[in-house]
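Asker: I'd like to ask you about the structure that follows.
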Amino acid sequence: MGSIAWSGKDVLSILDFSREDLETLFETADDFLKRPGSVPKTLADRIVATAFFEPSTRTRLSFSTAALKLGAKVIDLSPDVSSVLKGESLSDTIRMLQSYSDLIVMRHPSEGAALLASEVSDVPIVNGGDGSQHHPSQAMLDLYTIRRLKGRVDGLRYAVVGDTRYARTAASFLYGLAKYKPASVYLVSPEGLRMRDEVKNSIRKLGLRTEELDTLEPVLGKVDVIYMNRIQKERFPDPNEYEKVKGSYRITKSLLSGAGDAIVLHPLPRINELAYDVDDLPNAAYMEQARLGVPVRMALLHLVMGGGAR
Ligand code: NCD
Numbered sequence: 000m001g002s003i004a005w006s007g008k009d010v011l012s013i014l015d016f017s018r019e020d021l022e023t024l025f026e027t028a029d030d031f032l033k034r035p036g037s038v039p040k041t042l043a044d045r046i047v048a049t050a051f052f053e054p055s056t057r058t059r060l061s062f063s064t065a066a067l068k069l070g071a072k073v074i075d076l077s078p079d080v081s082s083v084l085k086g087e088s089l090s091d092t093i094r095m096l097q098s099y100s101d102l103i104v105m106r107h108p109s110e111g112a113a114l115l116a117s118e119v120s121d122v123p124i125v126n127g128g129d130g131s132q133h134h135p136s137q138a139m140l141d142l143y144t145i146r147r148l149k150g151r152v153d154g155l156r157y158a159v160v161g162d163t164r165y166a167r168t169a170a171s172f173l174y175g176l177a178k179y180k181p182a183s184v185y186l187v188s189p190e191g192l193r194m195r196d197e198v199k200n201s202i203r204k205l206g207l208r209t210e211e212l213d214t215l216e217p218v219l220g221k222v223d224v225i226y227m228n229r230i231q232k233e234r235f236p237d238p239n240e241y242e243k244v245k246g247s248y249r250i251t252k253s254l255l256s257g258a259g260d261a262i263v264l265h266p267l268p269r270i271n272e273l274a275y276d277v278d279d280l281p282n283a284a285y286m287e288q289a290r291l292g293v294p295v296r297m298a299l300l301h302l303v304m305g306g307g308a309r
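Position 226 (the sequence shown) corresponds to 225 in numbering that gives the first Met the number 0; numbering is contiguous.
Shown next as structure tokens:
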């Protein structure tokens with residue numbers, strides 16, 4: 000029940016999923032966490048391919064872990080030692096992988112790469128990040144973490160902090176949040192890292208209202224969730240622009256003394272925007288967030304590969 004929307008589907012953007020689809024995913028992830036002994040081998044005899052054309056620790060390994068836990072075998076394309084180095088095109092690479100596997104999880108620096116892959120592939124494509132655009136499974140696990148730690152997503156007050164311009168995690172999180180009814184959403188960034196108009200326009204159309212701020216201090220103590228983002232150095236078209244904004248925001252233990260019981264999320268990796276002394280605070284939720292990547296990605300793979308809602 001309820002998984003028809005997921006079965007066989009490409010997962011390119013969280014925008015393609017309804018709130019009900021997300022709830023099905025979250026309930027399935029809850030079930031996997033609650034009854035680890037009853038996790039079905041939905042992917043037995045199936046092969047999942049991972050193809051990451053950009054660095055990744057959590058996304059690639061948590062998808063692989065999730066696939067293995069569901070009984071799949073996993074093959075991995077390493078672009079630095081494959082024919083990609085000889086100049087093979089993305090579409091040829093994907094054509095090969097789809098003939099070897101039953102589902103492909105991919106990450107690529109170009110926006111739209113996962114969409115292109117979905118057009119040449121007969122097996123489902125799961126987008127593990129395309130440029131600054133989408134990172135749907137990250138947004139799903141972010142919402143799931145909030146739901147578990149705060150009991151709900153609706154009615155809360157959110158601050159999305161940092162590189163809201165280039166971080167696909169920030170854009171995808173807002174696209175996901177637009178399916179819910181948050182009480183308020185603050186976008187906190189220096190001027191040069193403001194959210195792109197294209198993202199602002201689409202969330203506005205979806206009815207999500209946001210307010211832009213330069214610093215977190217005015218809303219600390221008023222927000223329930225602080226979503227930090229790394230400055231996306233690799234995506235700046237001009238290194239001088241990066242130099243202007245690098246180190247322009249950072250949260251520390253002392254700053255958070257006024258944060259009440261707000262939870263701090265971060266997709267990780269952190270560089271220096273999130274001090275290590277925050278780790279000891281009860282507010283720090285990012286390690287739990289990373290851990291929950293496994294059950295959420297298990298639920299995603301299970302539903303896409305035709306497993307029923309749990
Ligand atoms: C993020 C990404 O790749 O977009 N990492 C992740 O998947 N957890 C965030 C980042 O690199 O800043």
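Glycine included, C-beta positions come from ideal geometry on N, C-alpha and C.
Report the three-state DSSP secondary structure of residue 49 (helix, strand or coil).
Answerer: By 1-based counting over the sequence shown, the position of residue 49 is 50. Note: residue 49 maps to strand in three-state DSSP.
Asker: Would you mind listing the alpha helix (DSSP H) stretches within the region 64-130 that are 4+ residues and don't spill past its ends, in chain order?
Answerer: 89-99 and 112-119
Asker: Taking only runs that begin and end inside the region 119-207, name each unbroken beta strand (DSSP E) of 3 or more residues, in chain order.
Answerer: 124-129, 156-160 and 183-187
Asker: From what residue to what residue does the alpha helix (DSSP H) around residue 210 run?
Answerer: What you label residue 210 is simply residue 211 of the sequence shown in a count that begins at 1. Residue 210 -> not in any alpha helix (DSSP H); beta strand (DSSP E) instead, spanning 210-212.
Asker: What does residue 264 pair with, by DSSP beta-bridge criteria?
Answerer: Within the sequence shown, numbered from 1, the residue matching residue 264 stands at position 265. BP columns for residue 264 point to 226.
Asker: Report buried or exposed for residue 12, applying the criterion of at least 16 other Cβ atoms within 10 angstroms of its Cβ.
Answerer: Working through the sequence shown from its first residue, we reach residue 12 at position 13. Label assigned to residue 12: buried.
Asker: Alpha helix (DSSP H) containing residue 42: first to last residue?
Answerer: One-based indexing of the sequence shown puts residue 42 at position 43. Here residue 42 belongs to no alpha helix (DSSP H), and DSSP marks it neither H nor E.
Asker: Report buried or exposed for residue 209, applying the criterion of at least 16 other Cβ atoms within 10 angstroms of its Cβ.
Answerer: Here residue 209 is taken as the residue at index 210 of the sequence shown, counted from 1. Answer is buried; the Cβ neighbour count reaches 16.
Asker: Do you know offhand how far residue 189's Cα is from residue 142's?
Answerer: Reading the sequence shown from its first residue, position 190 is the one you call residue 189. Reading the sequence shown from its first residue, position 143 is the one you call residue 142. Approximately 25 Å, taken between the alpha carbons.
Asker: Around the C-beta of residue 200, are 16 or more other C-beta atoms found within 10 angstroms, so that it is buried, or is it exposed?
Answerer: Here the question's residue 200 lines up with position 201 in the sequence shown. Exposed is the call here.
Asker: Where do the N-terminal and C-terminal ends of the alpha helix (DSSP H) with residue 19 fall, by residue?
Answerer: The count along the sequence shown starts at 1 and reaches residue 19 at position 20. Looking at the DSSP string, the run of the alpha helix (DSSP H) that includes residue 19 is 18-33.
Asker: Quick check: does the Cβ of residue 133 come within less than 7 Å of any heavy atom belonging to the ligand NCD?
Answerer: Numbered from 1 along the sequence shown, position 134 holds the residue referred to as residue 133. No, since every heavy atom of the ligand NCD falls outside the 7 Å radius drawn around the Cβ of residue 133.
Asker: Residue 106 and residue 55: beta carbons closer than 8 Å?
Answerer: Locating residue 106 in the sequence shown gives position 107, where the first residue counts as 1. Locating residue 55 in the sequence shown gives position 56, where the first residue counts as 1. Yes, the Cβ-Cβ distance between residue 106 and residue 55 is below 8 Å.
Asker: Return the Cβ separation of residue 158 and residue 187 in integer angstroms, given the expectation that the two are a contact with Cβ distance under 8 Å.
Answerer: Here the question's residue 158 lines up with position 159 in the sequence shown. Here the question's residue 187 lines up with position 188 in the sequence shown. The Cβ separation is near 5 Å, so the contact holds.
Asker: Going by DSSP, what residues sit across from residue 289 in a beta bridge?
Answerer: Here residue 289 refers to the residue found at position 290 of the sequence shown. According to DSSP, residue 289 bridges with nothing at all.
Asker: Who pairs with residue 250 in a beta bridge, going by DSSP?
Answerer: Here residue 250 refers to the residue found at position 251 of the sequence shown. Residue 250 is bridged to 273.
Asker: At a cut-off of 7 Å, is residue 288 close to the ligand NCD when judged by its beta-carbon and the heavy atoms of the ligand?
Answerer: Walking along the sequence shown from the start, residue 288 turns up at place 289. Not so, every heavy atom of the ligand NCD lies at least 7 Å from the Cβ.
Asker: In whole angstroms, give me the CA-to-CA distance for residue 294 and residue 149.
Answerer: Stepping through the sequence shown from its first residue, residue 294 is reached at position 295. Stepping through the sequence shown from its first residue, residue 149 is reached at position 150. If I take the Cα positions, the gap works out to 18 Å.
Asker: Tell me which residues share the same chain as residue 243 and place their Cβ nearer than 8 Å to its Cβ, disregarding the 5 neighbours each side in the sequence.
Answerer: Indexing the sequence shown from 1 puts residue 243 at position 244. So the list reads 191, once near-sequence residues are dropped.
Asker: For residue 258, which of helix, strand or coil comes out of DSSP?
Answerer: Sequence index remark: in the sequence shown, residue 258 carries index 259 (1-based). Looking at residue 258 - three-state DSSP - the assignment turns out to be coil, as it is neither helix nor strand.
Asker: For residue 295, which residues does DSSP report across the bridge?
Answerer: In the sequence shown, the residue the question calls residue 295 occupies position 296. None; residue 295 has no bridge partner.
Asker: How would you label residue 271, buried or exposed, when you count the other beta carbons within 10 angstroms and need 16 or more for buried?
Answerer: The count along the sequence shown starts at 1 and reaches residue 271 at position 272. Exposed, since its Cβ has fewer than 16 Cβ neighbours within 10 Å.
Asker: Give the range of the alpha helix (DSSP H) segment to which residue 282 is assigned.
Answerer: Locating residue 282 in the sequence shown gives position 283, where the first residue counts as 1. No alpha helix (DSSP H) contains residue 282, which DSSP labels as neither H nor E.
Asker: Report all residues from its chain with a CB closer than 7 Å to the CB of residue 67; omit the five preceding and five following residues, and keep chain order.
Answerer: Numbered from 1 along the sequence shown, position 68 holds the residue referred to as residue 67. Correct list, in chain order: 73.
Asker: Anyone know if the C-beta pair for residue 252 and residue 213 falls short of 8 Å?
Answerer: Here residue 252 is taken as the residue at index 253 of the sequence shown, counted from 1. Here residue 213 is taken as the residue at index 214 of the sequence shown, counted from 1. No. Outside cutoff.
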